[in-house]
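> Have a look at this one.
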Amino acid sequence: SQQGEEDPQALSIQEGENATMNCSYKTSINNLQWYRQNSGRGLVHLILIRSNEREKHSGRLRVTLDTSKKSSSLLITASRAADTASYFCATDLMYSGGGADGLTFGKGTHLIIQP
Amino acid sequence: GAVVSQHPSWVICKSGTSVKIECRSLDFQATTMFWYRQFPKQSLMLMATSNEGSKATYEQGVEKDKFLINHASLTLSTLTVTSAHPEDSSFYICSAWRVTSGPNYEQYFGPGTRLTVT
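Put into structure tokens, the structure is as follows:
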């Protein structure tokens, strides 16, 4: 099963409001990333937070990571209609011995910003 | 930033035929690429890890004889869907892994290929 679980599955808010999405995962990770995907399109990388970081900002985005609770949140402040999209968290697992690891994606939150 | 391309961006094929999808890293070399599949209104699922010069590693439940992966060069991985069926209709996305500095790395995603099997 997928490691990441987002909630809510869908969120509809008014333009200008803040949107918060949460993600939980099951095992120890190296990094957690958030991606945006517009309908039928590719992924847009938003932000990466490493396992030794607790909070990170990028423009209107704020991501937190709580490794003790195995959870992360994505906050989008002052939302805009263009923020309407699906948002996914993705984790890569801690591993030893080198080598790359594919990402495990959460189920995603579909965000709708009402103008 | 690093760029990963996919070709074609969309394809329609008849049931029983095979389709090849290419994934290229345009400005960096990628020893490892990944293939993901996304069904409508669902999340991405890792299908396989493609390693240059060696056999691909498939995730549980992914048929290796149906989804043939070839990573013959450091900038190209191909995914061939053999004997495609309507249930293979999906959005296929690749990513390429690049070491940035020290132990750090980043994955760069291609724009995806939408496959429709009729």
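Residue numbers (the numbering used here), protein chains in the order written: chain A, 1 to 115; chain B, 1001 to 1118. For glycine and all other residues, C-beta sits at the position ideal for the given N, C-alpha and C. Please read all numbers here as calculations on a predicted model, not as lab measurements.
(1) Rounded to a whole number of angstroms, what is the C-alpha to C-alpha distance between Thr1113/B and Ala19/A?
(2) Quickly, what does DSSP pair Tyr35/A with across the bridge? List them, please.
(3) Quick one: what's Ala1048/B bridged to in DSSP?
(4) Quick one: residues in its chain with C-beta nearer than 7 Å to the C-beta of Ser12/A, no 5 flanking neighbours on either side, listed in chain order?
(5) What residues are listed by DSSP as bridge partners for Leu11/A?
(6) Does any CB atom of chain B fall closer than 9 Å to the CB of Leu103/A?
(7) Please list, in chain order, all residues of the same chain as Glu1059/B whose beta carbon is under 8 Å from its beta carbon, the five residues on each side excluded.
(8) In the structure shown, what three-state DSSP assignment does Ala78/A receive?
(9) So Pro1111/B contacts chain A; which residues on that side make the cut at Cβ distance below 7 Å?
(10) How is Gln2/A classed by DSSP in three states: helix, strand or coil?
(11) Between which two residues does the beta strand (DSSP E) containing Leu1076/B stretch?
(12) Taking all protein chains shown into account, do 16 or more other C-beta atoms lie within 10 angstroms of the C-beta of Phe963/B, making it buried, or fewer, making it exposed?
(13) Could you give the C-beta distance for Ala85/A and Gln37/A, rounded to a whole number, given that I count them as a contact under 8 Å?
(14) Please return the same chain residues whose Cβ sits closer than 6 Å to the Cβ of Gly1069/B, not counting the five positions on each side in sequence.
(15) Checking the sheet assignment: what are the DSSP bridge partners for Ser1095/B?
(16) Name the one or two DSSP bridge partners that Val1019/B has.
(17) What is the residue span of the beta strand (DSSP E) that Asp66/A lies within?
(18) Beta-carbon separation of Lys69/A and Ser24/A under 9 Å?
(19) Should His1085/B go down as buried or exposed, given a rule of 16 or more other Cβ atoms within 10 Å for buried?
(20) Spatial neighbours of Asp1088/B within its chain, please: C-beta separation below 6 Å, excluding the five flanking residues on both sides.
(21) Which chain B residues are close to Gly59/A, counting only those with a beta carbon under 8 Å from its beta carbon?
To lay it out plainly:
(1) In the second sequence, counting from the first residue as 1, residue 1113/B sits at position 113. In the first sequence, counting from the first residue as 1, residue 19/A sits at position 19. Those two C-alpha atoms are separated by around 30 Å.
(2) The residue you call residue 35/A lines up with position 35 of the first sequence. In DSSP, Tyr35/A forms a bridge with His45/A and Phe88/A.
(3) Residue numbering aside, residue 1048/B sits at position 48 when the second sequence is read from its first letter. DSSP, once it has assigned bridges, lists Trp1035/B and Tyr1058/B as partnering Ala1048/B.
(4) Working through the first sequence from its first residue, we reach residue 12/A at position 12. Hits under 7 Å: Ile112 and Gln114.
(5) Walking along the first sequence from the start, residue 11/A turns up at place 11. Secondary-structure assignment with DSSP links Leu11/A through a beta bridge to Leu111/A.
(6) As a first step, residue 103/A is located in the first sequence; it is residue number 103 there, counting from the start. Leu103/A counts as touching chain B.
(7) Taking the first residue of the second sequence as position 1, residue 1059/B is located at position 59. Within the same chain, Glu1059/B has close Cβ partners Met1045, Leu1046, Met1047 and Ala1048.
(8) The residue given as residue 78/A occupies position 78 in the first sequence. Coil.
(9) Translated into the one-based positions of the second sequence, residue 1111/B becomes position 111. Within chain A, the residues near Pro1111/B are Gly42.
(10) Along the first sequence, read from residue 1 onward, the residue named residue 2/A stands at position 2. Unreliable positioning characterises Gln2/A in this predicted model, as indicated by a pLDDT of 49, which lies under 50. A coordinate reading is not provided.
(11) For the purposes of this step, residue 1076/B is taken as residue 76 along the second sequence, with counting starting at 1. Looking at the DSSP string, the run of the beta strand (DSSP E) that includes Leu1076/B is Leu1076 to Val1081.
(12) For residue 963/B there is no data in the structure shown, the boundaries of chain B being 1001 and 1118.
(13) For this step, residue 85/A is matched to residue 85 along the first sequence. For this step, residue 37/A is matched to residue 37 along the first sequence. Contact holds; Cβ gap of about 6 Å.
(14) Translated into the one-based positions of the second sequence, residue 1069/B becomes position 69. Correcting the residue identity first, residue 1069/B is Ile in this sequence and not Gly. Within the same chain, Ile1069/B has close Cβ partners Ala1048, Ser1050, Ala1056 and Leu1079.
(15) For the purposes of this step, residue 1095/B is identified with residue 95 of the second sequence, where counting begins at 1. According to DSSP, Ser1095/B bridges with Phe1034/B and Phe1109/B.
(16) For this step, residue 1019/B is matched to residue 19 along the second sequence. Val1019/B is bridged to Val1081/B.
(17) Against the first sequence, residue 66/A aligns to sequence position 66. Per DSSP, Asp66/A belongs to the beta strand (DSSP E) from Leu61 to Asp66.
(18) Numbered from its first residue, the first sequence carries residue 69/A at position 69. Numbered from its first residue, the first sequence carries residue 24/A at position 24. Result yes, Cβ atoms of Lys69/A and Ser24/A sit closer than 9 Å.
(19) For the purposes of this step, residue 1085/B is taken as residue 85 along the second sequence, with counting starting at 1. His1085/B comes out exposed.
(20) On the second sequence, residue 1088/B is found 88 positions in, with the first residue counted as 1. Within the same chain, Asp1088/B has close Cβ partners Val1081 and Val1117.
(21) What you label residue 59/A is simply residue 59 of the first sequence in a count that begins at 1. Simply none; closest approach about 16 Å.
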